[in-house]
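Notes follow once the structure below has been shown.
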Amino acid sequence: MRTTVFARPSAPRPHEARVSVARARSRGIGSASLLALALGALGACLGTGGGRCIDDADCSSGACARTGECSPQLSSVRIRWTVAGQPADDESCAAHPWLYLSFADPRLGDELRYQPIRCSLGQIYYDRLPERMDLVTLGKDGGRFGDTYQATIRPPENELDFDLRAQAAPVD
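Be aware that the sequence shown starts at 0, since it is given in numbering that gives the first Met the number 0, and climbs by one per residue.
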């Protein structure tokens, strides 16, 4: 599963489920189909972390991650990058001004992806991450340099450093 995040997820509004059921009935969808749909939605909400949440009070055990799932353990990570050994700034990032960052759980195939991230920032800090999402990928956004870079978060040292290789922007 791949998720691109631009904002924190919000809780579904109670009336949305009622409207969906009413629409389904008006379109001739039977009770058995509605039950299967409801059970599928419930399973998607529960996931591996024990439910959906907005804050810690929504989780019976553990804490609410920024992904909107309850997780028994949360972690944080600081990711820093340089470009060909130089600090990331407007000049060193000219060939690739935008990056993406993803956190993944390779065992379940889940991925949480953030984009675009300005290369010239040189670092980003992420907290309240489900501990199971321990594979970090930093890569190009828009195809300006060739490789992606991966590392595994290994608590308690939750700081990762990447050195991006500079490549000239393609000439049109």
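Note that the Cβ used here is the ideal one computed from N, Cα and C, for glycine as well.
Item	Value
Return the residue from the list D126, D55 and C118 that minimises the CA-CA distance to E90.	C118
Just tell me which of D162, A94 and D133 has its CA closest to the CA of P155.	D133
At the level of alpha carbons, what is the spacing between P115 and Y124?	15 Å
How about E158 and S74: are their beta carbons less than 8 Å apart?	no
What distance in whole Å lies between the Cβ atoms of L137 and R65, which are believed to be in contact at a cut-off of 8 Å?	No, R65 and L137 are not in contact; Cβ-Cβ is about 18 Å, not under 8 Å.
Once DSSP output is grouped into helix, strand and coil, what is the label at R22?	Summary for R22: the model assigns pLDDT 44, below 50, so the residue's position carries little reliability, and this model does not support an answer.
Whole angstroms is fine: what's the gap from E68's alpha carbon to E110's?	13 Å
Thinking just about the alpha-carbon of each residue, which of F102, Y113 and L107 is nearest to the one in Q149?	F102
Give the single residue among C63, P71, Y99 and Q72 whose Cα lies nearest to the Cα of W80.	Y99
Starting from the Cα of F161, find the closest Cα among V82, C92 and C63 and give me that residue.	V82
Quick check: the Cα distance between D54 and S60, rounded to an integer number of angstroms?	12 Å
Near C92, which residues of its chain fall below 7 Å by C-beta distance, leaving aside the five closest residues on each side in sequence?	V82, C118 and S119
Take the Cβ of R51 as the centre, count every other Cβ of all protein chains shown within 10 Å, and call the residue buried at 16 or more, exposed below.	buried
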